[in-house]
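J.: There's a structure below that I have some questions on.
Protein chains in written order, with this note's numbering: chain A, 1 to 223; chain B, 224 to 446.
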């Protein structure tokens, strides 16, 4: 299956839902993304153009904030490349109305509490300053920041299936088996989830697997 | 938790189980790894030194083949970096006896058949030439090549839990929700699997998450 790699044109008229209140500097301050990086995303079509106020200046709106946060989540938490984010954005209709978002500072403590409760329920005592723990908090916080707290139940669902996987896991003394099961299991789970998603949303199959360099039409497992 | 990053010393006496039959060129031919890359792995301690036959020549044994295959599997299928493989190898005792391995050419068709059967059982009709399909075949074939066919049942177990995750999945018309669930779900699943593994094999927690650069003591989700 080949999927079109085209980004919808966004350089024409500004969408009606945008209010043009910010200069690029404010956009940077409010998202933690540097101005050169924002300009790069504008050139690449990952962000819609702002409204020109002079030949060298433009103003930006709430939708820019939301997309910048989405880019940060997909790259920093999800580990996607910029090319992969482009692919994902091309598949998104971007019309799903507005969501009430939380500021990063507010989202983090609530997310941390949520993760603690889920881990305690499974009797996994995690140090949330470790990488796996921080990643869980970052994922839940990201959903709150994007106004998608409705999706945070993902954590409980994942914890349930991981507990099932662990129960039938390999001999604890066979480190080689555990390493192979863990590392290959990550990509097997990710690949299967893309296959299942295909039924409803074919383009999702094309979201690259974690840890794979993104290559839209080439197979990455050449032997 | 900090984990030692030291590689066990492998440059001393050759282990007893090794038979020294190959020059480096044969090692390369039999594993598909280039000679400069093999020399890099030797320098980095990822491969034990061979037995010197002259100041400029050495011979290598079956264990070198096995380790080279393991490096290929972890990097090419599992998406780990070389630094992460170092970390993993440091945690492996490497004494689990010999396993009967299959040549790559023999392992692939059997793996393809296995993947087809598992997908058919779940009524997921996958094109195995797509990236997700090829990754599944590559993972199963890798286990056969490493003589760890005993672990290939991982595929069925993962298919079962993915089917469960999919049943309670998000609204098919909400592409944003599906993208976030898919991408963040990958890292959430991977993070939870590391937390659960910690109980039996603490070092496994340190295997970096897919898509994350390896940084042994730094947190990767700084905000």
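Glycine included, C-beta positions come from ideal geometry on N, C-alpha and C.
All values reported here derive from a predicted model rather than from experimental measurement.
#1: My assumption, with CB atoms under 8 angstroms, is that residue 42 of chain A sits in contact with residue 68 of chain A. Please give the rounded CB distance.
#2: From which residue to which residue does the alpha helix (DSSP H) around residue 277 of chain B run?
#3: With 9 angstroms as the threshold, decide whether the Cβ of residue 160 of chain A is near any Cβ in chain B.
#4: Tell me whether residue 92 of chain A sits in a helix, a strand or coil according to DSSP, three-state version.
#5: Just the C-alpha distance for residue 152 of chain A and residue 410 of chain B, rounded to the nearest angstrom, thanks.
#6: Could you check which residue in B/385, B/371, B/383 and B/430 has the C-alpha nearest to that of residue 183 of chain A?
#7: In the structure shown, what three-state DSSP assignment does residue 336 of chain B receive?
#8: Kindly indicate which three-state DSSP category residue 282 of chain B falls into: helix, strand or coil?
#9: Examine chain B for any beta-carbon lying closer than 9 angstroms to the beta-carbon of residue 132 of chain A, and answer yes or no.
#10: Starting from residue 207 of chain A and walking both ways along the alpha helix (DSSP H), at which residues does that stretch end?
#11: Along the region 137–164 of chain A, where does the CB come closer than 9 angstroms to a CB of chain B? Name the residues.
#12: Have a look at A/46, A/64 and A/55 and flag the residue whose alpha-carbon is nearest the alpha-carbon of residue 24 of chain A.
#13: Where does the unbroken alpha helix (DSSP H) through residue 154 of chain A begin, and where does it stop?
#14: Of all Cβ atoms in chain B, is any one closer than 9 angstroms to the Cβ of residue 109 of chain A?
#15: Since I believe residue 51 of chain A is in contact with residue 107 of chain A (beta carbons under 8 angstroms), could you give me their beta-carbon distance rounded to a whole number of angstroms?
#16: Mind listing the chain B neighbours of residue 166 of chain A? Cutoff is C-beta to C-beta under 7 angstroms, in chain order.
#17: Would you tell me roughly how many angstroms separate the C-alpha atoms of residue 363 of chain B and residue 372 of chain B, rounded to the nearest one?
#18: Note down, in chain order, each residue of its chain lying with its Cβ closer than 6 angstroms to the Cβ of residue 197 of chain A, except the 5 sequence neighbours on either side.
#19: Of the residues B/402, B/299, B/416 and B/267, which one's Cα is nearest the Cα of residue 178 of chain A?
#20: Assuming residue 311 of chain B contacts residue 298 of chain B under a Cβ cut-off of 8 angstroms, what Cβ separation, rounded to an integer in Å, is found between them?
#21: Measure from the alpha carbon of residue 73 of chain A to the alpha carbon of each residue in A/19, A/54, A/31 and A/154, then state which is nearest.
#22: Any Cβ of chain B within less than 9 angstroms of the Cβ of residue 185 of chain A?
#23: List the residues of chain A whose Cβ lies closer than 7 angstroms to the Cβ of residue 414 of chain B, in chain order.
T.: Let me spell this out:
#1: Indexing the first chain from 1 puts residue 42 of chain A at position 42. Indexing the first chain from 1 puts residue 68 of chain A at position 68. The beta-carbon distance between residue 42 of chain A and residue 68 of chain A, rounded to whole angstroms, is 11 angstroms. This is too long to meet the 8 angstroms contact definition.
#2: For the purposes of this step, residue 277 of chain B is taken as residue 54 along the second chain, with counting starting at 1. Note, residue 277 of chain B: premise wrong, no alpha helix (DSSP H); beta strand (DSSP E) at 274–277.
#3: Residue mapping note: residue 160 of chain A aligns to position 160 of the first chain, counting from 1. So yes, residue 160 of chain A belongs to the interface.
#4: Walking along the first chain from the start, residue 92 of chain A turns up at place 92. Assigned with DSSP and collapsed to three states, residue 92 of chain A falls in coil, not helix or strand.
#5: Position 152 of the first chain, counting from 1, holds the residue named residue 152 of chain A. Position 187 of the second chain, counting from 1, holds the residue named residue 410 of chain B. Near 14 angstroms, if we compare the C-alpha coordinates of residue 410 of chain B and residue 152 of chain A.
#6: Reading the first chain from its first residue, position 183 is the one you call residue 183 of chain A. Closest by C-alpha distance to residue 183 of chain A, out of B/385, B/371, B/383 and B/430, is B/430.
#7: Position 113 of the second chain holds residue 336 of chain B. Residue 336 of chain B falls in the helix class under three-state DSSP.
#8: The sequence position of residue 282 of chain B within the second chain is 59, counting from 1. It is a strand residue.
#9: In the first chain, counting from the first residue as 1, residue 132 of chain A sits at position 132. Yes, its Cβ sits closer than 9 angstroms to a Cβ of chain B.
#10: As a first step, residue 207 of chain A must be located in the first chain, where it is residue number 207. Residue 207 of chain A -> no alpha helix (DSSP H), and no H or E assigned at all.
#11: Cβ contacts with chain B come from 137, 138, 139, 140, 141, 142, 143, 146, 148, 150, 151, 153, 154, 155, 157, 158, 159, 160, 161, 162, 163 and 164.
#12: For the purposes of this step, residue 24 of chain A is taken as residue 24 along the first chain, with counting starting at 1. Residue 24 of chain A has its Cα closest to that of A/64, out of A/46, A/64 and A/55.
#13: Within the first chain, residue 154 of chain A is the residue found at index 154, counting from 1. Membership of residue 154 of chain A in the alpha helix (DSSP H) is indicated by the continuous run 154–167.
#14: Residue mapping note: residue 109 of chain A aligns to position 109 of the first chain, counting from 1. For residue 109 of chain A, the nearest beta carbon of chain B is not closer than 9 angstroms to its own beta carbon.
#15: Position 107 of the first chain, counted from the first residue, corresponds to residue 107 of chain A. Position 51 of the first chain, counted from the first residue, corresponds to residue 51 of chain A. Between residue 51 of chain A and residue 107 of chain A the Cβ distance is about 29 angstroms, and since that is not below 8 angstroms, they are no contact.
#16: By one-based count along the first chain, residue 166 of chain A stands at place 166. Annotation: Cβ neighbours of residue 166 of chain A in chain B (cutoff 7 angstroms, chain order): 419.
#17: Walking along the second chain from the start, residue 363 of chain B turns up at place 140. Walking along the second chain from the start, residue 372 of chain B turns up at place 149. Roughly 8 angstroms separates the two Cα atoms.
#18: One-based indexing of the first chain puts residue 197 of chain A at position 197. Closer than 6 angstroms at Cβ, skipping near neighbours: 204.
#19: Position 178 of the first chain, counted from the first residue, corresponds to residue 178 of chain A. Each of B/402, B/299, B/416 and B/267 was checked against the Cα of residue 178 of chain A, and the nearest Cα belongs to B/416.
#20: Here residue 311 of chain B is taken as the residue at index 88 of the second chain, counted from 1. Here residue 298 of chain B is taken as the residue at index 75 of the second chain, counted from 1. Cβ atoms of residue 311 of chain B and residue 298 of chain B stay farther apart than 8 angstroms, at about 11 angstroms.
#21: Residue mapping note: residue 73 of chain A aligns to position 73 of the first chain, counting from 1. Nearest in C-alpha terms to residue 73 of chain A, of all of A/19, A/54, A/31 and A/154, is A/31.
#22: Mapped onto the first chain, residue 185 of chain A falls at position 185. With 9 angstroms as the cut-off, residue 185 of chain A counts as an interface residue toward chain B.
#23: Taking the first residue of the second chain as 1, we reach residue 414 of chain B at position 191. Within 7 angstroms Cβ-Cβ: 132, 135 and 136.
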